[in-house]
Amino acid sequence: MFVDRAKITIKSGKGGNGAVTFRREPFVPEGGPDGGDGGKGGDVVFTADENLRTLMDFRYKRKYEAESGQNGMKKKRFGKNGEDLVIKVPVGTMVIDEASGKIMADMTEHGQSFVAAKGGRGGRGNARFATPTRQAPNFAEAGGFAKERQVILEMKLIADVGLVGFPNVGKSSLLSVATSARPKIANYHFTTIDPNLGVVSIYDNSFVMADIAGIIEGAHEGAGLGHYFLKHIERTKVLIHIVDVSGSEGRDPKEDFDKINSELEQYSRKLMKKPQIVAANKIDILGCTDPEDLEICDEYIEFKEYAESKGYKVMPMSAASGFGVKEVIEEAYRQLLEVEANPPEEYNELEYFDFAIDDVDEDYRKVFAEYDGENYIITGRQLEKIFNSTNFNDAGSRRYLFKYIENSGVYDELREMGIEEGDTIKLFDMEFEYYDEEYDYDI
Ligand SMILES: Nc1nc2c(ncn2[C@@H]2O[C@H](COP(=O)(O)OP(=O)(O)OP(=O)(O)O)[C@@H](O)[C@H]2O)c(=O)[nH]1
Ligand SMILES: [Mg+2]
Numbered sequence: 002m003f004v005d006r007a008k009i010t011i012k013s014g015k016g017g018n019g020a021v022t023f024r025r026e027p028f029v030p031e032g033g034p035d036g037g038d039g040g041k042g043g044d045v046v047f048t049a050d051e052n053l054r055t056l057m058d059f060r061y062k063r064k065y066e067a068e069s070g071q072n073g074m075k076k077k078r079f080g081k082n083g084e085d086l087v088i089k090v091p092v093g094t095m096v097i098d099e100a101s102g103k104i105m106a107d108m109t110e111h112g113q114s115f116v117a118a119k120g121g122r123g124g125r126g127n128a129r130f131a132t133p134t135r136q137a138p139n140f141a142e143a144g145g146f147a148k149e150r151q152v153i154l155e156m157k158l159i160a161d162v163g164l165v166g167f168p169n170v171g172k173s174s175l176l177s178v179a180t181s182a183r184p185k186i187a188n189y190h191f192t193t194i195d196p197n198l199g200v201v202s203i204y205d206n207s208f209v210m211a212d213i214a215g216i217i218e219g220a221h222e223g224a225g226l227g228h229y230f231l232k233h234i235e236r237t238k239v240l241i242h243i244v245d246v247s248g249s250e251g252r253d254p255k256e257d258f259d260k261i262n263s264e265l266e267q268y269s270r271k272l273m274k275k276p277q278i279v280a281a282n283k284i285d286i287l288g289c290t291d292p293e294d295l296e297i298c299d300e301y302i303e304f305k306e307y308a309e310s311k312g313y314k315v316m317p318m319s320a321a322s323g324f325g326v327k328e329v330i331e332e333a334y335r336q337l338l339e340v341e342a343n344p345p346e347e348y349n350e351l352e353y354f355d356f357a358i359d360d361v362d363e364d365y366r367k368v369f370a371e372y373d374g375e376n377y378i379i380t381g382r383q384l385e386k387i388f389n390s391t392n393f394n395d396a397g398s399r400r401y402l403f404k405y406i407e408n409s410g411v412y413d414e415l416r417e418m419g420i421e422e423g424d425t426i427k428l429f430d431m432e433f434e435y436y437d438e439e440y441d442y443d444i
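Convert by adding 1 to the 1-based position in the sequence shown; the result is the number in the working numbering.
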């Protein structure tokens, strides 16, 4: 589950003390008591605000203190109440008391507010304690104590911007340079299988970016577990479509671009209606990381003109060197604000998507190994789902399956169980032989 979490200390204001004073009037040696009450200490209040998206700010400021009440004064003047401290949190934040572990509040609606630490009461001044038999009380009440507590703020992250593209085009690389997330980056397909989220900090705000697995042909029909991945971007508001403009894997960027869009479209028309920024990545390989070079960068220009003719904004980028990253992120943020200011109709019918995979228990993702005295058998529920959606005639789809198995660590388990080269591994209704060296799944 992707959650943003922050621990902060909150402290309400102390109540002001009541005053011990006596009237002083000419010719009256000892007037009556006139000490005023102390002011109430400020509360610490949490308010849910839909303009915030993450708990980023709480990483920098951890202590929050409301104002104390003023002490009472003579002539029965009351001390001023301390001001409440209002802490804005994103809608969806849970406020948890650290000491007890109890949820104090679940801030689900914009404007909802909740007092998490009450300010101390103002102490009563001595004027209040006068009675017929005690005409000159020489005491007053002290203000109530401030309350301090540690609270944990927690919210499920909701992805605002989704990264899409073929495998290996640099999606995770962009996430890693734009956020503090540290996804695995490697020069092979399907390095990323489970989505990674990162918080992009921009100007005074922040948004959440999701990096998902590479999309391959047939994804809309479930190839390479496409349904599962595409579902992850269904509720993002803006897409960044990353294309390897250098064609480093021998493909044509224009074709890549069309293929991904066609997968998106076939999966759901709504995906294609989302604002889409096209990031022409790996521009460094073309040697064009300079504005001047860009003007004569044929491959880039050709691609840019092509995508622009279809109505997209194309931006040059090199996630590896950082070139153009800032511009792409700024553009994504700009479009995010725009889309939020004028939400398309269909947003109303979608509740937000969070990445918590609640319907999936822990074992769902586990890959199990056993030995039946003859063969090694590997099973797993997610594995089965992937297996069933594998198109064995397609290299990408096949590789996805094998990469998944490899990433699961089950081979280590098999080796511990004593598997040797040439032994048979059973994978549902398929059998294959085990080889120690890295297998080239492309063949
Ligand atoms: N030269 C160059 N290489 C890049 C650039 N961006 C990413 N790469 C490399 O491309 C490879 C793939 O990068 P990733 O970020 O893992 O790609 P991905 O799209 O997340 O890949 P999958 O998760 O497998 O779909 C890695 O070797 C990166 O170092 C770039 O701008 N220039
Ligand atoms: Mg990746």
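Note that the Cβ used here is the ideal one computed from N, Cα and C, for glycine as well. Note that the structure is a prediction, hence the values are computed from the model and not measured.
Note that the C-beta distance between G121 and G14 is below 8 Å. The beta carbon of Q277 sits closer than 7 Å to the beta carbons of L240, H242, Y313 from its chain, once the five residues preceding and following it are set aside; these are given in chain order. In the same chain as T192, and ignoring 5 residues on each side of it, the C-beta atoms closer than 6 Å to its own belong to K185, in chain order. Distances taken from the Cβ of I286 to the heavy atoms of ligand 1 include one shorter than 7 Å.
With a cut-off of 7 Å, the C-beta of T192 is classified as near ligand 1, since at least one heavy atom of the ligand falls inside that distance. A distance of 8 Å or more separates the beta carbons of A179 and V87.
Secondary structure note for Q113: it is in no beta strand (DSSP E), with a DSSP letter that is neither H nor E. For I186, the distance from the CB to the nearest heavy atom of ligand 1 is below 7 Å.
Residue state for V368 is assigned as coil, using DSSP reduced to three classes. Cβ contact annotation for M273 (same chain, cutoff 8 Å, sequence separation greater than five): N262, L265, E266, in chain order. Below 8 Å, too few C-beta pairs join the segment 60 to 70 and the segment 95 to 113 to call them touching: fewer than three. In the DSSP annotation of this structure, the continuous segment of the beta strand (DSSP E) that includes M210 starts and ends at 206 to 212. A residue is called buried once 16 or more other Cβ atoms fall within 10 Å of its Cβ, and K76, having fewer, is exposed. Fewer than three Cβ pairs drawn from the segment 140 to 147 and the segment 159 to 169 lie within less than 8 Å of each other, which leaves the two stretches out of contact.
Spatial neighbours of G225 in its own chain (CB-CB distance under 6 Å, excluding positions within 5 residues in sequence) are listed in chain order as I217, S398, Y401.
As the crow flies, the alpha-carbon of E375 is around 23 Å from that of R382. Assignment of beta-bridge partners to G163 by DSSP yields A211, L240.
Between F167 and D50 a beta carbon distance of about 38 Å is seen, past the 8 Å cut, so the two are scored as non-contacting. Distance from the CA atom of G80 to the CA atom of I213, rounded to whole angstroms, is 57 Å. Between R78 and A118, the C-beta gap is not smaller than 8 Å, which leaves the two residues out of contact.
Under the DSSP assignment, D5 falls in the beta strand (DSSP E) whose first and last residues are 4 to 12. Contact check for S174 and A321: beta-carbon distance about 6 Å, within the 8 Å limit, so the pair qualifies. For N262, the uninterrupted alpha helix (DSSP H) segment begins and ends at 254 to 268.
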